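Following our numbering, the numbering of the sequence shown begins with 2 at its first residue and continues without gaps.
Think of the CB as a built atom: it goes at the ideal place given N, C-alpha and C, for glycine as much as any other residue.
Because the structure is a prediction, the values reported are computed rather than measured.
Data block below; observations after.
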Amino acid sequence: MKAFKLGEMAVVDLERFDLKGGKWAGLRQTAAKGERDGLTFEIIQTESVAPILDDLRQISNAWLNHHRAKEKGFSLGAFTDGYMTAQPVASLRHEGRIVAFANLLLTDTREEASIDLMRFAPDAPKGAMDFLFVRLMTTLRDQGYRHFNLGMAPLSGLSRREVAPVWDRVANTFYEHGERYYNFKGLRAFKSKFHPDWQPRYLAVAGGLNPVLALLDATLLIGGGLKGVVKK
């Protein structure tokens with residue numbers, strides 16, 4: 002077996018998430034702007050999700066259309082009634098209407114929390130998702146959760162040395178110039194706002210197997226086939 006670096010996982014230490022000091026100035030401004038814009042945050046418990054499912058579906062469909070995307074699979078959840086009503090949902094309202102949401106993945110031990118689907122209406126106030134994450138992490142911290150997993154930043158954190166392995170050089174090329182297929186740098190920049198610990202993640206491949214082929218198989222599973230990948 003041989004390991005190839007896929008990217009880095011962003012994990013926020015909630016015990017240090019206090020928005021105090023110069024390091025957190027940007028997020029403090031985000032929180033203040035969200036309040037001025039009249040955004041209100043709420044965690045909707047699992048048993049109360051069904052009554053607002055149509056509102057969430059409208060936002061989800063609008064988000065997919067705006068991004069010319071389709072639902073994913075395999076390692077990512079998709080908006081279905083059964084999935085959305087199986088866990089709590091973090092929501093943002095503006096003028097009484099839900100404009101953004103993220104479904105929550107929580108652990109009984111409160112060691113870690115995360116989200117899966119993260120979607121917002123095209124007319125949501127600018128910075129709405131940043132505000133949602135600030136309020137969500139603050140709430141989870143106050144509930145005793147220790148870490149918040151923001152997920153992967155694919156193909157980031159790979160070696161840029163001239164003598165770097167071929168895999169690293171190819172992956173870096175996609176990271177720098179692959180905007181047509183995936184916003185690699187934008188995703189890393191968004192998650193960096195929350196000052197996470199970046200933890201490396203690897204793809205283990207049997208000796209002699211091209212890692213690109215293994216990665217392509219996973220990509221096709223997530224995208225629902227070649228047509229789904231091309232359509233994002």
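Problem - Residues that L106 bridges to, as DSSP identifies them - result: Along the sequence shown, one-based indexing puts residue 106 at 105. For L106, which the question treats as bridged, DSSP gives the partners S115.
Problem - Completely contained beta strand (DSSP E) runs for the stretch 7 to 71, where each covers 3 or more residues - result: 40 to 45
Problem - Inter-stretch contact (C-beta, 8 Å, three-pair minimum) for the stretch 30 to 45 and the stretch 117 to 135 - result: yes
Handout entry: Three-state secondary structure assigned by DSSP to K194
Key = Within the sequence shown, the letter at position 193 stands for residue 194. Here K194 sits in coil by DSSP.
Exercise for the section: Would you mind stating whether F42 and L204 have Cβ atoms separated by less than 8 Å? Expected result: Position 41 of the sequence shown holds residue 42. Position 203 of the sequence shown holds residue 204. Contact flag unset, no.
Problem - Straight-line Cα distance separating H67 from D143 - result: Taking the first residue of the sequence shown as 1, we reach residue 143 at position 142. Taking the first residue of the sequence shown as 1, we reach residue 67 at position 66. Taking the straight line joining both Cα atoms gives about 35 Å.
Problem - Distance, E113 Cα to L106 Cα - result: Reading the sequence shown from its first residue, position 105 is the one you call residue 106. Reading the sequence shown from its first residue, position 112 is the one you call residue 113. Rounded to whole angstroms, L106 to E113 spans 9 Å at the Cα level.
Handout entry: CA-to-CA distance, A11 to R94, given in whole angstroms
Key = The residue labelled residue 94 in the question sits at position 93 within the sequence shown. The residue labelled residue 11 in the question sits at position 10 within the sequence shown. Taking the straight line joining both Cα atoms gives about 27 Å.
Handout entry: Sequence-distant residues of the same chain with beta carbon closer than 8 Å to E16, five excluded per side
Key = Along the sequence shown, one-based indexing puts residue 16 at 15. Here the set comprises R142, R147.
Handout entry: Whole-angstrom C-beta distance between V100 and A70, which should lie under 8 Å
Key = As a working mapping, residue 70 is identified with position 69 in the sequence shown. As a working mapping, residue 100 is identified with position 99 in the sequence shown. About 19 Å separates the two Cβ atoms, so there is no contact after all.
Problem - Classification of T81 by the beta-carbon crowding that lies within 10 angstroms, buried from 16 upward - result: In the sequence shown, the residue the question calls residue 81 occupies position 80. That one is exposed.
Exercise for the section: Grab the span of the alpha helix (DSSP H) containing R136 for me, first residue to last. Expected result: Position 135 of the sequence shown, counted from the start, is the residue given in the question as residue 136. Residues 129 to 143.
Exercise for the section: Taking S92 and F102 to be in contact with their CB atoms under 8 Å, please state how far apart those CB atoms are, rounded to whole angstroms. Expected result: Position 91 of the sequence shown, counted from the start, is the residue given in the question as residue 92. Position 101 of the sequence shown, counted from the start, is the residue given in the question as residue 102. Right, their Cβ atoms sit about 5 Å apart.
Practice task
Indicate whether R111 and G152 have their beta-carbon atoms separated by less than 8 Å.
Solution key: Your numbering for residue 111 matches position 110 in the sequence shown. Your numbering for residue 152 matches position 151 in the sequence shown. For R111 and G152, no; Cβs fall outside 8 Å.
Exercise for the section: Output yes or no for whether 8 Å exceeds the beta carbon distance between V90 and I45. Expected result: Within the sequence shown, numbered from 1, the residue matching residue 90 stands at position 89. Within the sequence shown, numbered from 1, the residue matching residue 45 stands at position 44. Yes, Cβ-Cβ distance for V90 and I45 is below 8 Å.
Handout entry: Distance between D198 and K192 (C-alpha atoms, nearest Å)
Key = As a first step, residue 192 must be located in the sequence shown, where it is residue number 191. As a first step, residue 198 must be located in the sequence shown, where it is residue number 197. The straight-line gap from Cα to Cα measures roughly 10 Å.
Handout entry: Residue interval of the beta strand (DSSP E) (run including R94)
Key = Within the sequence shown, residue 94 is the residue found at index 93, counting from 1. Start and end: 90 to 95.
Practice task
Would you kindly work out how many angstroms separate the C-alpha atoms of V50 and L57, rounded to a whole number?
Solution key: As a working note, residue 50 is residue 49 in the sequence shown. As a working note, residue 57 is residue 56 in the sequence shown. V50 and L57: Cα-Cα distance of roughly 9 Å.
Problem - Distance between beta carbons of R202 and L7, contact taken as under 8 Å - result: As a working mapping, residue 7 is identified with position 6 in the sequence shown. As a working mapping, residue 202 is identified with position 201 in the sequence shown. Between R202 and L7 the Cβ distance is about 5 Å, and since that is below 8 Å, they are a contact.
Exercise for the section: Would you list the residues sitting across from R98 in a DSSP beta bridge? Expected result: Your numbering for residue 98 matches position 97 in the sequence shown. Answer is H95, bridged to R98.
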